[in-house]
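Presented below is the structure to which this report refers.
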Amino acid sequence: MNPEEYAWNVHERKCYENDQVILPSPYKLKILDDSEKRLELELVLEQLPQGQLARWAMKMASSFIALIDMEDEFEKQEILTQVREVFQARLDGRASAYELRKAGFLANKLSQQAQSQVGNYAARVFAQAVATAHMRGHAIVAADYAIKVRNLQSPDDLQLAVKERKGQIELASAFIRSGKETL
1 MNPEEYAWNV HERKCYENDQ VILPSPYKLK ILDDSEKRLE LELVLEQLPQ
51 GQLARWAMKM ASSFIALIDM EDEFEKQEIL TQVREVFQAR LDGRASAYEL
101 RKAGFLANKL SQQAQSQVGN YAARVFAQAV ATAHMRGHAI VAADYAIKVR
151 NLQSPDDLQL AVKERKGQIE LASAFIRSGK ETL
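Now the structure itself:
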């Protein structure tokens, strides 16, 4: 794929052009995970242009939204709506990276105001998915936060983490098979 489709961020684009994309990427958080499945996911994600990658991340994150347990449900929905609008505008070329980053800071309010650890990390899945419309590297972090949520829901359950990774891989593979921007 051409470098402009691969990455919208100049740094990530240059890494791609110079064969400096390193896989597996280092973990940014401590999770119980199947590192082989994580690498398999990264290899699939590498095949997606950034627009599709961002859509994959948001679709993957959507199943975690209900777990965000803010005290004020109305405020939660307002934040989600505002952030999703900017995210979509970025994908459509109507919002700058700066505007997306501002929306990302707003999305972080969800984790700051969550009532539980599960809610906190579920909100981080969403915030990292949003950030994927700025930099590709946020996609695997969003996926790792999803694993963290599963770890919190069922500690020491590697099979649940593997099941989540398989779902992430299947969703990304479906984006590749569709060849379309959305599923």
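Note that full-length UniProt numbering has the sequence shown beginning at 1, numbered continuously upward.
Positions of the beta carbon are idealized from the N, C-alpha and C atoms, including for glycine.
Beta-carbon proximity list for residue i, same chain, < 7 Å, skipping 5 on both sides
i: Glu42; result: Leu23, Pro24, Ser25 and Ile140
i: Leu152; result: Gln117, Val118 and Tyr121
i: Leu158; result: Leu32 and Asp34
i: Met135; result: Asn9 and Glu12
i: Tyr27; result: Asp144
Inter-residue CB distance, residue i and residue j (contact presumed, cutoff 8 Å)
i: Ala7; j: Met70; result: Not quite, the Cβ-Cβ distance comes to about 33 Å (not below 8 Å), so this is no contact.
i: Ala146; j: Val125; result: 5 Å
i: Ala107; j: Ala127; result: 4 Å
Status (buried if at least 16 other CB within 10 Å, exposed otherwise) for residue i
i: Met1; result: exposed
i: Thr81; result: exposed
i: Val130; result: buried
i: Val10; result: exposed
i: Lys76; result: buried
i: Glu73; result: exposed
i: Ala97; result: exposed
i: Arg90; result: buried
i: Arg177; result: exposed
i: Glu164; result: buried
i: Leu39; result: exposed
i: Phe105; result: exposed
i: Leu45; result: buried
Own chain partners of residue i with C-beta closer than 6 Å, once the 5 adjacent residues on each side are dropped
i: Ala122; result: Phe64, Leu67, Ile68 and Val149
i: Cys15; result: Val21
i: Glu5; result: Pro49
i: Pro3; result: Arg13, Tyr16 and Glu17
For residue i, the three-state DSSP class (helix, strand or coil)
i: Ala7; result: coil
i: Met1; result: coil
i: Ala114; result: strand
i: Met60; result: helix
Own chain residues within Cβ distance below 8 Å of residue i, not counting five before or after
i: Gln168; result: Leu41, Met60, Ala143 and Ala146
i: Asp156; result: Leu32
Exercise. Counting Cβ pairs closer than 8 Å, one from the region 102-118 and one from the region 55-62, do we hit at least three?
Worked result: With a cut-off of 8 Å on Cβ pairs, the region 102-118 is not in contact with the region 55-62, counting fewer than three such pairs.
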